[in-house]
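Q: If you number the sequence shown the way this note's numbering does, the last residue is 144 and the count never jumps.
Yeah, the Cβ is synthetic: ideal placement off N, Cα and C, and Gly gets one too.
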Amino acid sequence: RFRSAHVHVYDFKGSQLIMEERLPIQGERSSLSLMHLGVGNGEQSNISTKVTVKQVMNSSPGLHFLRGLYSVIAFFNGAFMFIIAVALLLFLISDLANQARIIVYGTGGNNRDIVFPFVGTILSFPVFLHGLTQLM
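(1) When you compare only the Cα positions, how much space is there between residue 89 and residue 143?
(2) Under the rule that 16 or more other beta-carbon atoms within 10 Å means buried, what is residue 98, buried or exposed?
(3) Our contact map puts residue 130 next to residue 122 with C-beta atoms below 8 Å; I'd like the distance itself, whole angstroms only.
(4) Counting along the chain, where does the alpha helix (DSSP H) carrying residue 79 start and finish?
(5) Within the same chain, show all residues whose beta-carbon is closer than 6 Å to that of residue 93, passing over the 5 residues directly before and after it, in chain order.
(6) Closest by CA to residue 103, which one among 133, 76 and 64?
(7) Report all residues from its chain with a CB closer than 7 Å to the CB of residue 65; omit the five preceding and five following residues, and keep chain order.
(8) Is it buried or exposed, residue 63, if we count other Cβ atoms within 10 angstroms and call 16 or more buried?
(9) Helix, strand or coil for residue 57? Go by DSSP, reduced to three states.
(10) State the start and end residues of the unbroken beta strand (DSSP E) segment that holds residue 25.
(11) Can residue 108 and residue 126 be called in contact, C-beta distance under 8 Å?
(12) Quick check on residue 77: buried or exposed, where buried means 16 or more other Cβ atoms within 10 Å of its Cβ?
(13) For residue 65, which beta-bridge partners are listed by DSSP?
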């Protein structure tokens, strides 16, 4: 359809303006190609072009409602993930404080049993932070 035509599309909010320049004669070249042949350099020619301008509306109230609904769902989904991420990090920090309390006041048990959960909690921070950033 666009072999002998040049099409320009201009986007606006909620619509598009389509300008199409077409040569009506079958087998002729487009006006840009004719300029290379010297036709557009002040010489007279009997070639006429047809320009068609169309405005296409690409928006509707239903589409606006659907986009708004998707935005609200995405916002609530992001807020839910953020709350879960903060709660998980707070649980890690509270577990760290609990392990530190056990180490400071001691329970009389083996040192290995006391230090390993503390070190494990500290080493879990980067893993959880990386996982939560990938989730967001």
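A: Taking the coordinates as given:
(1) Locating residue 89 in the sequence shown gives position 81, counting from the first residue. Locating residue 143 in the sequence shown gives position 135, counting from the first residue. Their backbone Cα atoms lie some 8 Å apart in a straight line.
(2) Walking along the sequence shown from the start, residue 98 turns up at place 90. Under this definition residue 98 is an exposed residue.
(3) The residue you call residue 130 lines up with position 122 of the sequence shown. The residue you call residue 122 lines up with position 114 of the sequence shown. Not confirmed; about 14 Å, so no contact.
(4) As a working mapping, residue 79 is identified with position 71 in the sequence shown. First-last of the alpha helix (DSSP H) with residue 79: 69 to 113.
(5) Residue 93 sits at position 85 when you count from the first residue of the sequence shown. Cβ within range, chain order: 140.
(6) Here residue 103 is taken as the residue at index 95 of the sequence shown, counted from 1. Looking at the Cα atoms, 133 is the closest of the given residues.
(7) For the purposes of this step, residue 65 is identified with residue 57 of the sequence shown, where counting begins at 1. Answer for residue 65: 22 and 23, listed in chain order.
(8) Residue mapping note: residue 63 aligns to position 55 of the sequence shown, counting from 1. Exposed, since its Cβ has fewer than 16 Cβ neighbours within 10 Å.
(9) To locate residue 57, count along the sequence shown from 1; it is residue 49. Residue 57: coil per DSSP, three-state reduction.
(10) In the sequence shown, residue 25 corresponds to position 17, counting from 1. Residues 23 to 30.
(11) Translated into the one-based positions of the sequence shown, residue 108 becomes position 100. Translated into the one-based positions of the sequence shown, residue 126 becomes position 118. It is a contact, given that the beta carbons lie within the stated cut-off.
(12) Taking the first residue of the sequence shown as 1, we reach residue 77 at position 69. Result: exposed.
(13) For this step, residue 65 is matched to residue 57 along the sequence shown. Paired residues: 23.
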